[in-house]
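Under the numbering used here, the residues of the sequence shown are numbered 94 to 474, in order. Where is the CB? At the ideal position from N, CA and C, for every residue including glycine. A quick note: this is a predicted structure, and the numbers were derived from the prediction, not measured.
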Amino acid sequence: MRKWISFPKQVGVASKQAHADFPEQAIFEREVGRSGFFGPATHFHHRHAPTGWSDWEGELRPRNFDFNKLDNVATESPWQVPMLLHNAQCKFRIWHCHERMDFLVRNADGDELLFIHEGRGELFCDYGHITLEKGDYFSIPRSTSWRIEPLEPMQIVMIEATNSAYQLPEKGLVGNHAIFDPACLDTPDIDAAFKAQYSEESWQVQVKRHGKISVITYPFNPLDAIGWHGDLAPVRINWRDIRPLMSHRYHLPPSAHTTFVADGFVVCTFVPRPIESDPGALKVPFYHNNDDYDEVLFYHEGDFFSRDNIDKGMVTFHPAGFTHGPHPKAFQAGLEYRKKFTDEVAVMLDTRNALEMGDVCASVENPDYVNSWKAKDDNKA
Numbered sequence: 094m095r096k097w098i099s100f101p102k103q104v105g106v107a108s109k110q111a112h113a114d115f116p117e118q119a120i121f122e123r124e125v126g127r128s129g130f131f132g133p134a135t136h137f138h139h140r141h142a143p144t145g146w147s148d149w150e151g152e153l154r155p156r157n158f159d160f161n162k163l164d165n166v167a168t169e170s171p172w173q174v175p176m177l178l179h180n181a182q183c184k185f186r187i188w189h190c191h192e193r194m195d196f197l198v199r200n201a202d203g204d205e206l207l208f209i210h211e212g213r214g215e216l217f218c219d220y221g222h223i224t225l226e227k228g229d230y231f232s233i234p235r236s237t238s239w240r241i242e243p244l245e246p247m248q249i250v251m252i253e254a255t256n257s258a259y260q261l262p263e264k265g266l267v268g269n270h271a272i273f274d275p276a277c278l279d280t281p282d283i284d285a286a287f288k289a290q291y292s293e294e295s296w297q298v299q300v301k302r303h304g305k306i307s308v309i310t311y312p313f314n315p316l317d318a319i320g321w322h323g324d325l326a327p328v329r330i331n332w333r334d335i336r337p338l339m340s341h342r343y344h345l346p347p348s349a350h351t352t353f354v355a356d357g358f359v360v361c362t363f364v365p366r367p368i369e370s371d372p373g374a375l376k377v378p379f380y381h382n383n384d385d386y387d388e389v390l391f392y393h394e395g396d397f398f399s400r401d402n403i404d405k406g407m408v409t410f411h412p413a414g415f416t417h418g419p420h421p422k423a424f425q426a427g428l429e430y431r432k433k434f435t436d437e438v439a440v441m442l443d444t445r446n447a448l449e450m451g452d453v454c455a456s457v458e459n460p461d462y463v464n465s466w467k468a469k470d471d472n473k474a
């Protein structure tokens, strides 16, 4: 049985607790941690911002993509959209669904998580019918057949849990009803709209397995269930149902905002919340080395207070291996109590194994993003 080489130690001048009451001569704290904020960690206090680099060379760097500029994602089938970020455990895509699907799709590679970034539509699947609205998550178990009829053009973030299943995080001492009550989870229904689409006409199912598509033809619509029972089903939750964990005296790590977990990655949701009010508490995301995870943030809506020049529909990608944190203006605003409340909504994907970028990412990347943290004289303590 293995165990971390871990024991508390203090050298030099340091705060008594993490993320609070920093030494006067060093206002910049950096957390170096393992296992995504759950393993051993050390907190350094620096005279300069840990992101205050003056130059950067090489492939490892923070990246920013404007996926609003993608021109090949309004496809007939979700299986036709390009891969954006991926590894063996998960696939991140964006799909613009504008037209009614007259066929079914089925993912035999893993569970699919849809996040409705824009628009609304009717989804029909093996389990029934449900209306999806902007801000909804909808988790679809592996090998479920489904299709969408948009009520207005839809932009959908798709995160595949390859060869695994989506589950809810352990909530520990805060209890099962924290963050969101499982009673908020909705499932599709065998309702009048579902029964109205019963058909004796020919239907096709596009099945994705090992990334390849097979087509199964039926002489009827296979969405013909008259009922079901059990504890395996698609579920829907809207970000507005999420009541985030908060502490007025301590800036909680991103892991406190976990919404779904799967093998090798987690999906977190950042929603509006009060900013820490204790005078000594850090009020912006802390500088950190999350050296076991790649971090991806999809910006849904609001004012993204820790980042400059970020609009909704953009994505930032911070691979493991370097320090990252708030931009200089956001850090200074946190020191000066300029903001009392966050009004951002963002979806975060944290992966235990390194992500690869799809070929189309280069066409919508802002190569100057790495320079947005460059050292400035006013960044010194």
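Quick one: what's got a C-beta closer than 6 Å to residue i's C-beta in the same chain, skipping five residues either side?
i, result
"valine 104", "none"
"phenylalanine 410", "Arg156, Val389"
"methionine 339", "Arg366"
"aspartate 470", "Note that aspartate 470 has pLDDT 47, beneath the 50 cutoff, so the model's placement of it is unreliable and no number is given."
"glutamate 293", "Phe313"
"asparagine 76", "A query on residue 76 cannot be resolved here, the shown segment of the chain reaching from 94 to 474 and no further."
"glycine 395", "Asp436, Glu437, Val438"
"serine 99", "Pro133"
Go ahead and label residue i buried or exposed: buried means 16 or more other beta carbons lie within 10 angstroms of its beta carbon, across all protein chains shown.
i, result
"alanine 285", "exposed"
"tryptophan 321", "exposed"
"proline 281", "buried"
"glutamate 122", "buried"
"lysine 102", "exposed"
"arginine 235", "buried"
"histidine 350", "buried"
"threonine 310", "exposed"
"histidine 341", "exposed"
Please check the pair residue i and residue j, which I expect to be a contact at CB under 8 Å, by giving their CB distance rounded to whole angstroms.
i, j, result
"serine 257", "aspartate 356", "4 Å"
"valine 463", "tryptophan 149", "5 Å"
"methionine 251", "leucine 278", "Between leucine 278 and methionine 251 the Cβ distance is about 19 Å, and since that is not below 8 Å, they are no contact."
"phenylalanine 160", "valine 408", "6 Å"
"tyrosine 386", "arginine 445", "6 Å"
"lysine 433", "isoleucine 368", "6 Å"
"threonine 144", "histidine 417", "6 Å"
Distance check for residue j and residue i, CA to CA, integer angstroms please.
i, j, result
"arginine 193", "methionine 247", "11 Å"
"phenylalanine 379", "glycine 373", "14 Å"
"methionine 176", "glycine 203", "15 Å"
"arginine 333", "glycine 304", "33 Å"
"cysteine 454", "leucine 163", "9 Å"
"phenylalanine 313", "isoleucine 241", "18 Å"
"alanine 475", "threonine 435", "Coverage of the chain is limited to positions 94 through 474, which leaves residue 475 absent and any answer about it impossible."
"asparagine 472", "tryptophan 466", "Residue placement at asparagine 472 is poorly supported in this model, since its pLDDT is 42, which falls under 50; the coordinates are not used for a value here."
"asparagine 382", "threonine 362", "20 Å"
"alanine 212", "proline 133", "Position check: residue 212 holds glycine in this sequence, whereas alanine was assumed. Going by the C-alpha atoms only, they are around 43 Å apart."
"tryptophan 146", "histidine 270", "43 Å"
"valine 328", "alanine 254", "15 Å"
"valine 125", "glutamate 205", "32 Å"
"glutamate 152", "aspartate 195", "43 Å"
"proline 171", "aspartate 274", "31 Å"
"arginine 302", "valine 308", "11 Å"
"isoleucine 120", "threonine 237", "51 Å"
"proline 412", "tryptophan 296", "43 Å"
"serine 348", "phenylalanine 130", "7 Å"
"threonine 475", "alanine 276", "Nothing about residue 475 can be read from this structure; the chain reaches only from 94 to 474."
Between which residues of its own chain and residue i is the CB-CB distance below 7 Å, once the five residues before and five after are set aside?
i, result
"tryptophan 239", "Leu197, Val198, Leu216, Phe217, Cys218, Ile233"
"glutamine 290", "Phe217, Asn314, Leu316"
"valine 166", "Val174, Ile187, Trp188, His189"
"phenylalanine 287", "Phe217, Gly221, His222"
What residues in its chain sit with their C-beta under 8 Å from that of residue i, if we drop five residues either side in the sequence?
i, result
"glycine 214", "Cys190, Thr224, Leu225, Ile241, Glu242, Pro243, Leu244, Glu245, Met247"
Residue ranges of each alpha helix (DSSP H) run of no fewer than 4 residues wholly in the segment 404 to 458, ordered along the chain? 421 to 428
Whole runs of the beta strand (DSSP E) within the segment 129 to 183, excluding any shorter than 3 residues: 134 to 139, 156 to 159
At 4 residues or longer, what runs of the alpha helix (DSSP H) sit wholly inside the segment 208 to 262? none
Taking only runs of the beta strand (DSSP E) that begin and end inside the segment 262 to 327, which ones reach a length of at least 3 residues, in chain order? 296 to 302, 305 to 311
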